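K.L.:
Number of protein chains: 2
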Amino acid sequence: MSGPVPSRPGTVVAVDVGGSGLRLQTYAVRPGPVLTAPGVRVGAAGIDVAALVADARSLLVTGAVAGGGATEGAEGAGGDDRVDGSPCSTTRPEVVVWSMRGLLFLADRAEVLRTVAEGLGARRTVVVSDAVAGLVGATGHIGPGAVVAAGTGAVAFGTDFDRQWRRVDGWGHVLGDAGSAAALGMAGLRAALRAHDGLPDGSTALLSAAVDLLGPPDLWPRLVMTTADAPERLAGVAPLVTAAAGTDPVAAALCERAGTDLADSLLRAADGLDHPRLAATGGLLAAAPVAEALDRRLALAGARRSPARGTALDGALHLARQLRDTGAIPEHPAYLLVS
Amino acid sequence: MSGPVPSRPGTVVAVDVGGSGLRLQTYAVRPGPVLTAPGVRVGAAGIDVAALVADARSLLVTGAVAGGGATEGAEGAGGDDRVDGSPCSTTRPEVVVWSMRGLLFLADRAEVLRTVAEGLGARRTVVVSDAVAGLVGATGHIGPGAVVAAGTGAVAFGTDFDRQWRRVDGWGHVLGDAGSAAALGMAGLRAALRAHDGLPDGSTALLSAAVDLLGPPDLWPRLVMTTADAPERLAGVAPLVTAAAGTDPVAAALCERAGTDLADSLLRAADGLDHPRLAATGGLLAAAPVAEALDRRLALAGARRSPARGTALDGALHLARQLRDTGAIPEHPAYLLVS
């Protein structure tokens, strides 16, 4: 992120809006601190983009939002290198790149672009799917690549920023999210209940661990059937499964399956790309039984991944600097809109 | 249901409360008509048993409930054999057997027994899990047997009415219900989305059929993730899978899996019983690819099922007549409470 001083040192702003919050970072000659605000608010009309833009504007002007703002500290920059976090009060941003989860599912993405452009007043505004920002952040370049993100959910994305833009999975734990923490936790609870019932393919180790975490099995259905936080509750069981994989063959098989599923999604997202960079992100990759299974499957296909270099916020900042420094970035009507 | 005229011809009343409604039938010397009312109402305090008892009382006294009652017509009895459906107006019932789905999950089953006993005023009152009533109805006897019910959900139950009372599965589609219509529909949608994404084990036939039924895949997650009617929506996809099984190998494998899962649950419920009668009930059994797979798995285990003889209401009536005619039926603190 340091590199040579850019030839056009206008301030750029990167924003990443995800389930866990809104994160914002500015960059003039060096990266500023990462500022945060609460994340997506979903009202009757869907995601409230205007409220998010107002939060981002407040972060830019004052460095905080009422009741919610915080400073994570600068990434890749020492304390003395920090720049003022409020460029709007003094200068108009050259570029804003707004990365947002759920962008693909919004009916009117052009309206999002207008709202962000008007609210933050940059000379150039980009609205981008968090899949694209995550890919750029993880691979560290705007070029052929694919990434699979294995958090609570799981989704893979691959693109050459030209003809191929391919999302794989991300359907939620009921219909997919193969290899996600929610899917692994769900499979773990299923194996636990099969042991409880005396059915084949059960795991008494997982049954014991899950009872310690969640209480008696009779309570489990109401926790995960139709509650809004069912994915998070299921994902909370995944650490039991990865922890048991060393000694319990059923848990080991579930972790192997998760890693294989993630590799399949990643390979499919990359299929057809010319020498793509491959990466995997997300908390589940910290579990060796899953990560190793993923790498084995990639090796079988003659592929390998590189360590993920950064986050979706890093990717958004990368896109913003590219647009500032070259005057152009690739566009796509669903994934990457520029004004 | 006909048989010799009982030696003590007091009127007995059977009630079965399920998701699809409350059904009530009386029996003196012959079965009366089946009367119906709306089913379980779940309030803040759980199932409203008192309201259900009031509905049953109204059916007994007047033959209908306000706005909801209906007569299905007598089962196993011609029109001339019908008895008056309102014994409470003239005589006190000898026995009431109250079968209810969800009984196992109620904290205070003794309170249910009190409420039913006081509300309907029989000399003897029995409250029974619909698993037990369904077993007696399906096998036609109060003796060693097991039944698997494959409707929207799937649960197996086996008992000798003495030392073994075993429920298997019934955990809901997120955690189990293996072999249910919801589980089969969910697996079908997963296979459809894998085809959509270009992943292994997908089915383009199911993708095409599911798009016709539900619209574009992007709409599917919100239908089935956290909505209260997700099980019914998923079960609605099952007919697509069973219909495709003749020509699509993925659909055929899913139906084979469903039948095998149902057989495994049934065999486990019956394990340890002495010469148990085995039966299977529920709408999914009407699909030959599922029923045939179930029977193949049973045959591998040296077992076979008999055709289901009747419903949970029939089972409740059987229990009621047994208590009236012999003065005793088996008891169990969770499954079968008698006062």
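So the sequences go chain by chain: A and B. Start counting the first sequence at 1035; every next residue gets the next number (this note's numbering). Start counting the second sequence at 1035; every next residue gets the next number (this note's numbering). By construction, the Cβ of each residue, glycine as well, lies at the ideal position given by its N, Cα and C atoms. Bear in mind that the values here come from a model prediction, so they are computed numbers and not experimental data.
Helix, strand or coil for B/Gly1349, going by three-state DSSP, please let me know.
P.N.:
In this structure, B/Gly1349 counts as helix in the three-state DSSP scheme.
K.L.:
Reducing DSSP to helix, strand and coil, say where A/Phe1191 ends up.
P.N.:
In this structure, A/Phe1191 counts as strand in the three-state DSSP scheme.
K.L.:
What's the call for B/Ser1214, buried or exposed, on a 16-neighbour Cβ count within 10 Å?
P.N.:
Buried.
K.L.:
Assuming B/Ala1216 and B/Pro1265 form a contact by the criterion Cβ under 8 angstroms, report the distance between their Cβ atoms to the nearest whole angstrom.
P.N.:
Confirmed, about 4 angstroms.
K.L.:
Just mark B/Ser1054 as buried or exposed, buried being the case when its beta carbon has 16 or more other beta carbons within 10 Å.
P.N.:
Exposed: under 16 other Cβ atoms inside 10 Å.
K.L.:
Could you give the distance in angstroms between the alpha-carbon of A/Val1049 and the alpha-carbon of A/Gly1336?
P.N.:
Rounded to whole angstroms, A/Val1049 to A/Gly1336 spans 36 angstroms at the Cα level.
K.L.:
Note down the Cα distance separating A/Leu1353 from A/Ser1373, rounded to an integer number of angstroms.
P.N.:
Using only the alpha carbons, I get a separation of about 14 angstroms.
K.L.:
Could one say the Cβ of A/Ala1337 lies closer than 7 angstroms to chain B's Cβ atoms, at least one of them?
P.N.:
So, not an interface residue.
K.L.:
Less than 7 angstroms between the C-beta atoms of B/Val1181 and B/Leu1169, yes or no?
P.N.:
Going by C-beta atoms, B/Val1181 is nearer than 7 angstroms to B/Leu1169.
K.L.:
So, is the C-beta of A/Ala1216 closer than 7 angstroms to a C-beta in chain B?
P.N.:
Judged by the 7 angstroms Cβ criterion, A/Ala1216 is not in contact with chain B.
K.L.:
With distance defined between alpha-carbon atoms, name the residue in A/Gly1066, A/Met1259, A/Leu1058, A/Gly1222 nearest to A/Ala1088.
P.N.:
Among A/Gly1066, A/Met1259, A/Leu1058, A/Gly1222, the Cα nearest to that of A/Ala1088 belongs to A/Leu1058.
K.L.:
Going by CA-CA distance only, name the one from A/Ala1190, A/Val1051, A/Ser1237, A/Ala1221 that's closest to A/Ala1269.
P.N.:
When each option's Cα is compared against that of A/Ala1269, the closest is A/Ala1221.
K.L.:
Could you give the first and the last residue of the continuous beta strand (DSSP E) run that contains A/Met1259?
P.N.:
It is not in any beta strand (DSSP E) - A/Met1259 carries neither H nor E in the DSSP assignment.
K.L.:
What are the complete alpha helix (DSSP H) segments, minimum 4 residues, inside the region 1126-1198 of chain B?
P.N.:
Counting only runs of 4 or more, we get 1143-1154, 1164-1173.
K.L.:
Can you say whether B/Asp1308 is buried or exposed, counting buried as having 16 or more other CB atoms within 10 angstroms of its CB?
P.N.:
Exposed is the call here.
K.L.:
Going by DSSP in three states, B/Gly1219 sits in which element: helix, strand or coil?
P.N.:
If DSSP states are grouped into helix, strand and coil, B/Gly1219 belongs with the helices.
K.L.:
Note down, one range per segment and in chain order, each alpha helix (DSSP H) of at least 4 residues found wholly within the region 1313-1358 of chain A.
P.N.:
1322-1334, all fully within the region 1313-1358 of chain A.
K.L.:
Do A/Leu1086 and A/Val1051 come within 7 angstroms of each other at the CB atom, strictly closer than that value?
P.N.:
It is a contact, given that the beta carbons lie within the stated cut-off.
K.L.:
Would you tell me roughly how many angstroms separate the C-alpha atoms of A/Asp1295 and B/Gly1192, rounded to the nearest one?
P.N.:
Roughly 37 angstroms separates the two Cα atoms.
K.L.:
Return the chain-ordered list of same chain residues with a C-beta closer than 8 angstroms to the C-beta of A/Gln1198, the five sequence neighbours on each side being excluded.
P.N.:
The answer, listed in chain order, is Gly1192, Gly1306, Leu1307.
K.L.:
Please compile the residues from chain B whose C-beta is within a distance smaller than 9 angstroms of the C-beta of A/Ala1264.
P.N.:
Ordered by position in chain B, the residues that pass the 9 angstroms Cβ test against A/Ala1264 are Val1208, Met1259, Thr1260.
K.L.:
For B/Pro1341 and B/Ala1313, I'd like the C-alpha separation in whole angstroms.
P.N.:
Spanning the two alpha carbons is a distance of roughly 6 angstroms.
K.L.:
Between the Cα of A/Val1046 and those of A/Val1131, A/Arg1256, A/Leu1056, A/Ala1071, spot the shortest distance and give me the residue it belongs to.
P.N.:
The shortest Cα separation from A/Val1046 among A/Val1131, A/Arg1256, A/Leu1056, A/Ala1071 belongs to A/Val1131.
K.L.:
So which residues on chain B does A/Phe1139 lean against when the C-beta distance must stay under 8 angstroms?
P.N.:
Within 8 angstroms Cβ-Cβ: Asp1252.
K.L.:
Going by C-alpha to C-alpha distance, which of A/Asp1298, A/Leu1370, A/Leu1371 sits closest to A/Ala1184?
P.N.:
The candidate whose alpha carbon is nearest that of A/Ala1184 is A/Asp1298.
K.L.:
Using a Cβ cut-off of 9 angstroms, pull out every chain A residue sitting near B/Met1134, in sequence order please.
P.N.:
Going along chain A, no residue has its Cβ under 9 angstroms from B/Met1134, so there is no contact; the nearest lies around 16 angstroms.
K.L.:
Comparing alpha-carbon positions, which option in A/Thr1159, A/Val1324, A/Asp1263, A/Arg1228 lies nearest A/Ile977?
P.N.:
Because chain A here runs from 1035 to 1373, residue 977 of chain A falls outside it and cannot be looked at.
K.L.:
Could you compute how far the alpha carbon of A/Leu1154 sits from the alpha carbon of A/Ala1090?
P.N.:
One C-alpha to the other measures close to 8 angstroms.
K.L.:
With 7 angstroms set as the bound, which would you pick, yes or no: does the beta-carbon of A/Asp1194 sit closer than that to a beta-carbon of chain B?
P.N.:
Taking Cβ atoms only, chain B never reaches closer than 7 angstroms to A/Asp1194, which makes this a no.
K.L.:
Using a Cβ-Cβ cutoff of less than 6 angstroms, which residues in the same chain neighbour B/Gly1219 once the five nearest sequence positions on both sides are dropped?
P.N.:
Here the set comprises Leu1268, Ala1269, Val1271, Ala1272.
K.L.:
Looking at chain A, is there any beta carbon in it that lies within less than 7 angstroms of the beta carbon of B/Asp1231?
P.N.:
By this cut-off, B/Asp1231 is an interface position.
K.L.:
Pick out whichever of A/Ala1244, A/Leu1137, A/Asp1082, A/Val1162 has its Cα sitting closest to the Cα of A/Leu1351.
P.N.:
Ranking the options by Cα distance to A/Leu1351, first place goes to A/Val1162.
K.L.:
Please work out which residues of its chain come closer than 6 angstroms, Cβ to Cβ, to A/Gly1179, disregarding the five sequence neighbours upstream and downstream, and give them in chain order.
P.N.:
Closer than 6 angstroms at Cβ, skipping near neighbours: Leu1169, Thr1173, Pro1310, Arg1311.
K.L.:
List, in chain order, every chain B residue whose beta-carbon is nearer than 8 angstroms to that of A/Val1202.
P.N.:
Correct list: Asp1231, Gly1232, Leu1233.
K.L.:
If contacts are defined as beta-carbon pairs under 8 angstroms, then B/Gly1187 and B/Gly1206 qualify, I think. What distance do you get, rounded to the angstrom?
P.N.:
Right, the Cβ-Cβ distance comes to about 7 angstroms (below 8 angstroms), so this counts as a contact.
K.L.:
Quick check: the Cα distance between A/Leu1274 and A/Asp1082, rounded to an integer number of angstroms?
P.N.:
Cα to Cα, A/Leu1274 sits roughly 36 angstroms from A/Asp1082.
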